[in-house]
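Below is one structure, written out as structure tokens; the observations come after it.
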Amino acid sequence: MIKRTLAVLLFALICVKGYSQTKFTPEWNFGANFGVNLSNMSFVTTDPSQGLDTKMLQQYKGGVSARYISEKNLGFIAELNYSQQGYEQKFPVENTDSSRFTQKLAYIQIPFLTHIYFGDKKRVFVNLGPQISFLVGEQKTRDLSTSDYDESKAWEHYNQKVQNKFDYGLVFGLGFELRTGAGNFALEGRYYMGFSDIYSSHKTDPFSRSANRVISIAATYYMKPF
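To get the working numbering, take the position in the sequence shown, counting from 1, and add 1080.
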């Protein structure tokens, strides 16, 4: 009796799985995204006595997205984005009125993400995967008081251009999607951790670490091409 019951349950499970697989149709979506970046830079100086404090810089990002839902709850995303990043240097409180230094970096980003979602018309999703970026622009704004200008090598970045224009790292995103007859609307927060350094990181260089860190909030509109 037990063997017969187990056999029936196994047969039912196979039938349900087969039915769900036949009902699911893979799906392509193409869309556009736009959002806000809160970017910073992780600096570690080779000389411990020469610290460098930074704070977030608010800028923007935007681009195009392609998404393929290969099976229920799983898909893949590739994007081509223009991303404004960088940081602002922090100075002692007594000098904040007279000192400013910002470094703005513009990148072309290409993330390749695994897309995991839960729900149907209303979905919660997670995106995770690698990202490569190429520097296409750099701008520095400097307004320093004499007391803030240190000739030591920790401040060589004031005049040093980015040495490594290729950046790579890992992206983690969490968001919500609403699927309607007019298209799919997604709102997502992401964190990017860069693994490469924008400056050379040898022992004789000012920095042993100079990596991008970016928090972004973006909205994406998806539509089916056919």
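Glycine included, every Cβ here is placed at the ideal spot set by N, Cα and C.
Can the beta-carbon of residue i be found closer than 9 Å to that of residue j?
i        : j        : result
Ser-1150 : Thr-1300 : no
Gln-1165 : Val-1251 : no
Thr-1126 : Thr-1284 : yes
Lys-1201 : Thr-1105 : no
Lys-1135 : Gln-1169 : yes
Ser-1122 : Ala-1266 : no
Ile-1196 : Phe-1214 : no
Leu-1132 : Leu-1118 : no
Lys-1241 : Thr-1182 : no
Phe-1205 : Glu-1107 : no
Gly-1249 : Ser-1280 : no
Pro-1191 : Ile-1157 : yes
Which one or two residues does DSSP pair with residue i in a beta bridge?
i        : result
Tyr-1248 : Ile-1212
His-1032 : What the structure shows of the chain is the stretch from 1081 to 1306, and residue 1032 is not part of that stretch, so it cannot be assessed.
Thr-1126 : BP columns for Thr-1126 are empty, so no partner.
Gly-1131 : Beta-bridge pairing links Gly-1131 to no other residue.
Thr-1300 : Asn-1113, Ala-1266
Trp-1171 : For the record, residue 1171 in the displayed sequence is Phe; it is not Trp. For Phe-1171, which the question treats as bridged, DSSP gives no partner whatsoever.
Asn-1292 : Met-1121
Met-1273 : Leu-1250, Arg-1293
Gly-1048 : Since the first residue of the chain shown is 1081 and the last is 1306, residue 1048 is not available in this structure.
Asp-1223 : Arg-1180
To the nearest angstrom, how far is it from the Cα of residue i to the Cα of residue j?
i        : j        : result
His-1237 : Gln-1243 : 11 Å
Ala-1298 : Lys-1103 : 32 Å
Lys-1233 : Arg-1222 : Per-residue confidence for Lys-1233 stands at a pLDDT of 47, beneath the threshold of 50, marking its modelled position as unreliable; the derived number appears in the next sentence. Approximately 17 Å between the Cα atoms of the pair.
Asn-1264 : Gln-1130 : 49 Å
Phe-1198 : Asn-1207 : 12 Å
Tyr-1148 : Gln-1211 : 18 Å
Leu-1245 : Tyr-1162 : In the sequence on display, residue 1245 carries Lys and not Leu. If I take the Cα positions, the gap works out to 15 Å.
Leu-1160 : Gly-1111 : 11 Å
Leu-1185 : Tyr-1271 : 17 Å
Leu-1193 : Gly-1155 : 9 Å
Phe-1306 : Ala-1262 : 13 Å
Gly-1255 : Gly-1274 : 21 Å
Phe-1171 : Phe-1114 : 32 Å
Met-1303 : Phe-1287 : 45 Å
Glu-1257 : Arg-1203 : 5 Å
Asn-1109 : Gly-1253 : 18 Å
Ile-1278 : Asp-1247 : 8 Å
Val-1116 : His-1282 : 33 Å
Tyr-1167 : Asn-1153 : 37 Å
Ser-1100 : Gly-1209 : Residue confidence for Ser-1100 is low, a pLDDT of 49 falling below 50, so the modelled location carries little weight; the figure read from the coordinates is stated next. Near 28 Å, if we compare the C-alpha coordinates of Gly-1209 and Ser-1100.
Asn-1239 : Arg-1180 : 14 Å
At least one CB of chain D closer than 9 Å to the CB of residue i: is that the case?
i        : result
Leu-1160 : Structure shown: chain D not included; a single protein chain is present.
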